[in-house]
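Asker: Residues 27 to 269 in our numbering are what the sequence shown lists, from first letter to last. Glycine residues also receive a C-beta, built at the ideal position from the N, C-alpha and C atoms. The structure presented is a predicted model; accordingly, all values stated were derived computationally and were not measured.
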Amino acid sequence: MSLFNIGHNGALNNWHSQAAKLMASLSRYRHVIIFVTIHSDPNTSDLWLRQDEHGDTCAAMWLEDILRPFKAILNGCILFMLACGAMVNNSKSLAGLRQGLTSLGVGDALTFDVKYLSTMNTMDLLMKVTKSVIIHSFEFSQALEHFLKQCMTLGRHTSIIHFVKHIIKYSWAHWDYQLWGQTLPLQCPQCGILDPWASVLVKQIQGYRLECKNQDCGKADVILSAGREHGGCASRWLKLIIS
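1. May I have the straight-line CA-CA distance separating L210 from D139, to the nearest angstrom?
2. Taking three-plus beta-carbon pairs below 8 angstroms as touching, is the stretch 54-65 in contact with the stretch 93-104?
3. Alpha carbons only, please: which of C243, S269, L52, K191 is nearest the one belonging to G131?
4. Can you find the residues in the same chain that come closer than 8 angstroms, C-beta to C-beta, to L73, ignoring five residues on each side of it along the sequence?
5. At 3 residues or longer, what runs of the beta strand (DSSP E) sit wholly inside the stretch 84-124?
6. If you draw a straight line from the alpha carbon of T137 to that of D242, how long is it in whole angstroms?
7. Which word fits R124, buried or exposed, when buried means at least 16 other C-beta atoms lie within 10 angstroms of its C-beta?
8. Put S43 into one of helix, strand or coil per three-state DSSP.
9. Tell me the DSSP bridge mates of R182?
10. Give the straight-line distance between the Cα atoms of W263 and L120, rounded to the nearest whole angstrom.
11. Would you mind sorting P215 into buried or exposed? The rule is 16 or more other CB atoms within 10 Å of its CB.
12. If you check the beta carbons only, do L143 and T184 fall under 8 angstroms apart?
13. Where M270 and M107 are concerned, what is the direct C-alpha to C-alpha distance, given to the nearest angstrom?
14. Mind reading off the beta-carbon distance from K154 to F173? Whole number of angstroms is fine, and I expect it under 8 angstroms.
15. Looking at I194: is its Cβ nearer than 8 angstroms to the Cβ of I104?
16. Note down the Cα distance separating Q176 from L170, rounded to an integer number of angstroms.
17. Just to check my reading of the structure: A50 and P95 have Cβ atoms closer than 8 angstroms, yes? What is that Cβ distance to the nearest angstrom?
18. Go ahead and pull the three-state DSSP assignment for Q213.
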């Protein structure tokens, strides 16, 4: 059991020793794809980690602790991080994840930003992208954007974060349910009617204002930030370079 307690130096050294033995049988492979399934702490917005010298946790440390024994085969590899979205919804944790991926030489990595990720919803996309890249030799970004057109159910569940040279976010957009990639409440929080939102033009705000269409309501509203129309688009998915 102590093998998994990487917060303990002895267990961490034991993991590195066992991983090195595994590494010896992996070095002959041309393609490397890593699937990571792990919980992210909803309070610290991070993975289960030991603390650094400042008492903080960061995704870069987790990647270093777990994957460092395999670094020789990670250059240009694909990594799918199947964790809940707290890890990428916090700017510090997001920066740590990017730092760790860059340090290890990972070529392409995907993560997801939904609060509670259902991994079953991601499998169809990940398998299709993997097949297209490994078997048919397509570029990763090209394969990803092609198959996103077939993944509307996944889009309603989560946005996708792609780590490459930049951090790119793909958000599914729908005129009625998810304007500009942002999920709208199903009910008006004031009067309670379903599907309540109607668009209102307001020149004084930098964005889009949606107002409850119930004439007897006190006009509860939602304001969406502007700028999401910029950048490319994969079918009904919006493509945004966020860093």
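Answerer: This is what the structure gives:
1. 16 angstroms
2. yes
3. K191
4. I64, H65, S66, D67, T83, A85, W88, A109, M113
5. 104-108
6. 43 angstroms
7. buried
8. helix
9. None, per the DSSP bridge assignment.
10. 22 angstroms
11. exposed
12. yes
13. Nothing about residue 270 can be read from this structure; the chain reaches only from 27 to 269.
14. 5 angstroms
15. no
16. 10 angstroms
17. Actually they are not in contact, since the Cβ atoms of A50 and P95 sit about 10 angstroms apart, beyond 8 angstroms.
18. strand
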